[in-house]
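The next block holds one structure in the form of structure tokens; read it before the comments.
Numbering (the numbering used here), first residue to last: 11 to 79.
Next comes the structure, spelled out in structure tokens:
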């Protein structure tokens, strides 16, 4: 098992794992709307299925909200 950081919390995963697989494993709310950063760099949506995560990576699931007056 490899250790990664997901939204600031340590998580153990079985490698290899892609961004798409991690989204599914974490039951991410509205996966079609989420943006993902790996090691503080944004990942293009078309790379979710192919980008393999590594031990020690830091992953953040982000949502951008609009609005205001």
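We put the beta carbon where it would ideally sit given N, CA and C, even for glycine. Since we're looking at a predicted model, the values are computed, not measured.
Check	Outcome
Could you pull the start and end residues of the alpha helix (DSSP H) that residue 32 belongs to?	29 to 35
Give a yes or no on whether the minimum CB-CB distance between residue 58 and chain B is below 8 Å.	No chain B appears in this structure, which consists of one protein chain only.
Mind checking who residue 23 pairs with in its DSSP beta bridge?	12
Excluding the 5 residues flanking residue 59 on each side, which residues of the same chain have their C-beta closer than 7 Å to its C-beta?	28 and 30
Shortest alpha-carbon distance to residue 19 belongs to which of 66, 76, 77 and 53?	66
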